[in-house]
Structure formats: structure tokens, C-alpha cells
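Q: Numbering (the working numbering), first residue to last: 137 to 292.
Beta carbons are placed, not taken as given, at the ideal position from N, Cα and C, and that holds for glycine.
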């Protein structure tokens, strides 16, 4: 439901690759076919909540690189690694899903998936400061100094 919330909050058209029987991860070919000049990013899930499966971020990166070049797009990838981000680096260190891939611009992970922390604890990291949209940064004057922040707070 996080992507539906994102689309509603930020008034973004959500395009979803429909799953098929026996294939419960995004098909990167179908995802890239849906990319157009208005696409702000393609999100891949590393560690499905339902099955634990990893979507093929490397293939997505390669296909999207070709489409970007062909069409003159600059569509990046966001990796939703809420469930797999703390597992993949240790169990599958050779798996390319992270910033080793040039189109991966942001990755989120969730601490609360592993217990013993507050519900909703999570982090997002960007490849570089230039990839963090200025619209997400709020400047707060705290004790006489500018303190930029880009936290999102939610509660259940």
C-alpha cells in the first residue's frame, strides 16, 4: 500500500506491472515497456513481503539504460529494500541490486521488519546529494542555525 499512498500524497500517476499466476515479482521487460517521458522512476522490490523474493534489479537497470538511451529519457530506479536490504549484502554479496548499478538513485530499508524497534522505523539513502529532490528538504532554524531535514513522519 506504500506506493498507493505515495501516488496519492504526491499526486503521481501510479503504473503497476500486473503479476501473473506463479510469477509473483515484477517482470522487468513489462516495467520498462510502461516507461514514458513522464515517468519519474521505476521501483523494484528487494524482498517481497509475501514471498521474500527479490526482483531482478540488474536486468531492470540494463533494460532501462537501453530505453533511456533510445528515447532520451533519464528515468532512475528506486529500490524498495524494506525486507531484503539488511539480508542481501550478507547472503548474496555478488548480487547487483544497489548503487553498483548506475540507475539506482535511492534505496530504502525498514528496521521494524526485524523487530525490537518502534513500528515504522526506516531509512532512505540516495546515491548522491544531487539525487535528493530539493522539494523534500525543509530548512528549520534550530537554536539559531539552519538545519536541513528531509524526514517523513507517520504513525499508525
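Hey, how far is the Cα of residue 253 from the Cα of residue 149?
A: 33 Å
Q: Pull up the distance between the alpha-carbon of residue 222 and that of residue 285, whole angstroms please.
A: 24 Å
Q: Please report how far the alpha carbon of residue 156 lies from the alpha carbon of residue 169, in whole angstroms.
A: 17 Å
Q: I need the straight-line Cα distance from residue 275 to residue 176, nearest angstrom please.
A: A direct Cα-Cα distance of roughly 24 Å separates residue 275 from residue 176.
Q: Mind listing, in chain order, the continuous alpha helix (DSSP H) runs of no fewer than 4 residues lying wholly within the segment 188-250?
A: 193-207, 224-227
Q: At the level of alpha carbons, what is the spacing between residue 261 and residue 158?
A: 32 Å
Q: Quick one: using the 10 Å Cβ neighbour count with 16 as the cut-off for buried, is residue 192 buried or exposed?
A: buried
Q: Do you know how far the Cα of residue 190 is from the Cα of residue 215?
A: 10 Å
Q: Give the range of the alpha helix (DSSP H) segment to which residue 145 is assigned.
A: Here the alpha helix (DSSP H) through residue 145 covers 138-145.
Q: Pick out whichever of 162, 208, 212 has its Cα sitting closest to the Cα of residue 269.
A: Of the listed residues, the one whose Cα sits closest to residue 269 is 212.
Q: Select from 173, 282, 160, 188 the residue whose C-alpha is nearest the C-alpha of residue 220.
A: Nearest of 173, 282, 160, 188 to residue 220, Cα basis: 188.
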